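So that you can map any letter, position 78 of the sequence shown is 78 in this note's numbering, and since no number is skipped, the others follow by simple counting.
Ideal placement from N, C-alpha and C gives every residue a C-beta, glycine not left out.
As the structure is a computational prediction, the values presented were derived from the model and not from experiment.
Below is one structure, written out as structure tokens; the observations come after it.
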Amino acid sequence: MSFDFSSSINRKGSASLKWQRYEQQDVIPMWVADMDLASPPAVQQVLAAAANRGIFGYGEVPETLVQAFVDWCQSEYDWPVESDWLVWIPGVVPGFNLAVEALLEVDEGLLVQSPVYPPIRVLGKVRQRPTVDVPVSETDLSGWLQPETGALVLCHPQNPTGKVYQRAELEQLAELAEKEDLLVISDEIWADLILQPGLRHLPFAAVSEAAARRSITLMAPSKTFNIAGLSCAVAVIPDATLRNHFRLAMRGLMPDMNYLGVLAAQAAWQQGRPWLKELKAHLNANLDLLERWLQDFPQIGYVRPQATFVAWLNVSALKLPNPLQAFLDGGVALSPGEAFGDADYLRLNFGCPAAQLEQSLERMAVVIQANT
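See below:
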């Protein structure tokens, strides 16, 4: 089966966060991490059928969705998840915010590894918790812990670098967490978008029973199947005490599950594998295109991401006083590295048709060449 990853879809006027910001400008938005690619046909079909019914009442998580996720974890990660471990939530971001409030003492702080997804980077500030910010390249975190550190917040695979944590690294983190009695909050939303051949996602909680007991794993089909706007995610919490505290804290704060999100997630996990396989081939081809372009601009630092559909570009050597603004003026919107914790970088979303990526790179080349 062949899926269409080349058609350009007009998202202007569609209440899209990504496109609405620059709707009145000649700007290609290559910033926020959703894809300019149609979701799997199975997802489109189930949503069309729901729309045709014409009723959008309260949703409830059916056993078929639970089983679809459990089956996915087993087949994709070799991770035997029990259905009663699951707590369904509207998104990963509210999940890790709630975890901090529900599972840590009021005086306990966080350890995060930067650069990292902005909502994780500001999590301590938002939740008013002391935070230790450790470079993601640091392999030994023990020397960074403070007496008040109560949790490690992990982004795995890592956004924005695309790093995939290997078993030895996860085991080292698990040993540290056990020794120091740390909760591990693991954002694993990119788990299904590992692009490097031979790599497979290993959930932190799958490393050992001890790791599982002190972890909350946050997952969602949103990045993988391009359904972020449908608000469906899941917290995997093997420990009953942690899970009960988390559920209790949800009351009155977390909305009911999005009816359409439930349908889309189930269709994606049950029928989306062939589409996902071709998507990853398309994303790797886009990375090849990006790397051919980068050969003309060796002053841009770059390491091919092992996962995700975002590239982390070191633009500090470019002769641009403000690279983000310069590229925006040239018609390409990128994500500022400063928001992730490193102002030397910009993040580029390559989850799009090849022609859109090529047009964006052409515009960026004009900006660079005009300033050399």
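One question on the structure: do residue i and residue j come within less than 9 Å of each other, judged by their Cβ atoms?
i      : j      : result
Cys73  : Val61  : no
Gln146 : Gly91  : no
Asp329 : Gly337 : no
Lys18  : Asp36  : yes
Arg273 : Asp239 : no
Leu170 : Leu141 : no
Ala174 : Val100 : no
Ile28  : Gly331 : yes
Leu248 : Ala233 : no
Val367 : Ala317 : no
Pro157 : Ala339 : no
Phe204 : Ser222 : no
Arg347 : Ser335 : yes
Ala265 : Ala354 : no
Ala211 : Glu178 : yes
Leu289 : Arg304 : no
Tell me, to the nearest whole angstrom, how far the beta carbon of residue i is from that of residue j; I am working on the premise that it is less than 8 Å.
i      : j      : result
Tyr259 : Gly54  : Actually they are not in contact, since the Cβ atoms of Tyr259 and Gly54 sit about 12 Å apart, beyond 8 Å.
Leu154 : Thr224 : Not a contact, Cβ separation roughly 19 Å.
Ile300 : Val310 : Wrong, their Cβ atoms sit about 15 Å apart, outside the cutoff.
Leu111 : Thr139 : The Cβ separation is near 14 Å, so there is no contact.
Thr161 : Trp312 : 5 Å
Leu283 : Phe350 : 7 Å
Leu202 : Tyr77  : 7 Å
Leu263 : Ala48  : Their Cβ separation, rounded to whole angstroms, is 11 Å, which puts Leu263 and Ala48 out of contact at 8 Å.
Ala373 : Val164 : Not covered by the structure: residue 373. The range shown for the chain is 1 to 372.
Could you tell me which of the options sits nearest to residue i, measuring between CA atoms?
i      : options                        : result
Val136 : Pro115, Ser6, Pro90            : Pro115
Val385 : Glu291, Val122, Leu86          : For the chain, the structure presents residues 1 to 372; residue 385 sits outside this window and is missing.
Ile227 : Arg304, Ser39, Ser7            : Ser39
Gln196 : Arg347, Leu334, Lys280, Phe297 : Lys280
Gly341 : Ile120, Gly351, Thr241, Gln128 : Ile120
Asp84  : Glu76, Phe69, Asp78, Gln325    : Phe69
Leu86  : Trp144, Val236, Ala285         : Val236
Arg200 : Glu180, Ala265, Arg167, Ala212 : Arg167
Where do the N-terminal and C-terminal ends of the alpha helix (DSSP H) with residue i fall, by residue?
i      : result
Tyr345 : Taken as a continuous stretch (DSSP letters only), Tyr345 belongs to no alpha helix (DSSP H), being part of the beta strand (DSSP E) at 345-349.
Asp256 : Segment: none, Asp256 is in no alpha helix (DSSP H) and carries neither H nor E.
Met364 : 354-370
Trp79  : Premise fails: Trp79 is in no alpha helix (DSSP H) and is neither H nor E.
Val93  : 92-103
Asp329 : 323-329
Gly124 : 123-126
Leu222 : Reading the sequence as shown, one finds Ser at residue 222 and not Leu. 222-225 is the span of the alpha helix (DSSP H), which, as asked, contains Ser222.
Determine the direct distance from the alpha carbon of residue j to that of residue i, and round the result to whole angstroms.
i      : j      : result
Leu182 : Glu362 : 47 Å
Glu188 : Gln356 : 28 Å
Arg251 : Glu209 : 29 Å
Gln24  : Asn10  : 14 Å
Gln369 : Ala15  : 35 Å
Gln295 : Trp190 : 28 Å
Gly124 : Val134 : 13 Å
Asn52  : Trp31  : 33 Å
Ala267 : Arg243 : 26 Å
Gln128 : Glu358 : 43 Å
Leu193 : Cys352 : 14 Å
Phe246 : Gly95  : 9 Å
Phe297 : Met364 : 11 Å
Ala102 : Thr372 : 53 Å
Pro41  : Leu65  : 18 Å
Thr241 : Val207 : 20 Å
Leu324 : Ala333 : 8 Å
Ala220 : Pro255 : 16 Å
Gly143 : Leu98  : 27 Å
Gln270 : Val126 : 36 Å
Ile216 : Pro321 : 42 Å
Ile89  : Glu63  : 16 Å
Determine the extent of the beta strand (DSSP E) in which residue i is found, giving its start and end residues.
i      : result
Thr404 : This structure does not reach residue 404, given that the chain is present from 1 up to 372, and the question cannot be answered.
Ala285 : That residue, Ala285, is in no beta strand (DSSP E); its alpha helix (DSSP H) goes 273-294.
Trp312 : 310-314
Trp88  : 86-89
Thr161 : Unbroken run through Thr161: none, as it is neither H nor E.
Gln217 : Note on residue identity: the sequence assigns Thr, not Gln, to residue 217. Where Thr217 is concerned, the enclosing beta strand (DSSP E) stretches over 215-219.
Ala233 : 233-236
Thr131 : 131-135
Gln113 : 109-114
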